[in-house]
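Residue numbering for the sequence shown follows the UniProt record's numbering, beginning at 1 and increasing consecutively.
Every residue gets a Cβ at the ideal spot worked out from N, C-alpha and C, and that includes glycine.
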Amino acid sequence: MGLSIRRNKITDTITSPTQSFKKCPEQQQQRKYSQHSHLYEKKKFKNFDEMLSSYTEPVLVDFYAVWCGPCQLMSSELSSLGAKLQGTLKVAKVDTDVYPQLGERYQIDGLPTCVLFKGGKEVKRLVGVMKTDEIEGHIKEFL
């Protein structure tokens, strides 16, 4: 029960008092871990807010969808960024098809969208595909 995160990837189930959201088996099979998969460790949280507040470092959340081609390109860039800034930045992924309430809550209008949170508050938003160095340039003032 609760929100589960693989060090930088939200997975499994989010359960709220009124709804339970689970990934369908097709989406679980489509998930491919990058060359940095050895960096992921599973952590459990009750909800998204708890996940954000549990880290002292900023959290860059990638709002994506499995069917989104540009999102797949962005995934490898974010994996590289997470490896490069390990200990300084956490990178998490939220599939907006699986967790539509989070997409609505943060007004995600286009994919991929990355939202940087610091102290649980949104401080920067990036929309579209970017290279690792470009993403780092946009967020470095918050690290």
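Run through DSSP, which three-state label would residue i get?
i	result
Ile139	helix
Leu73	helix
Ile14	In this prediction, Ile14 has a pLDDT of 38, which is less than 50 and means its spatial position is unreliable; nothing more can be read from the coordinates.
For residue i, which beta-bridge partners are listed by DSSP?
i	result
Glu122	Phe117
Val127	Thr113
Measure the beta-carbon distance from residue i to residue j and round it to whole angstroms, keeping in mind my assumption that it falls under 8 Å.
i	j	result
Pro112	Val91	At roughly 12 Å, the Cβ-Cβ gap does not stay under 8 Å, so Pro112 and Val91 are not in contact.
Tyr106	Val98	Not a contact, Cβ separation roughly 15 Å.
Leu143	Pro58	6 Å
Gly120	Phe63	Actually they are not in contact, since the Cβ atoms of Gly120 and Phe63 sit about 17 Å apart, beyond 8 Å.
Lys124	Ile108	Lys124 to Ile108, Cβ: 14 Å. No contact.
Which parts of the segment 50-109 are runs of the beta strand (DSSP E), unbroken and 3 residues or longer, counting only runs that do not cross its ends?
59-64 and 90-95
Does the pairing of the segment 64-82 with the segment 129-138 give three or more beta-carbon distances under 8 Å?
Taking a contact to require three or more Cβ pairs closer than 8 Å, the segment 64-82 and the segment 129-138 qualify as touching.
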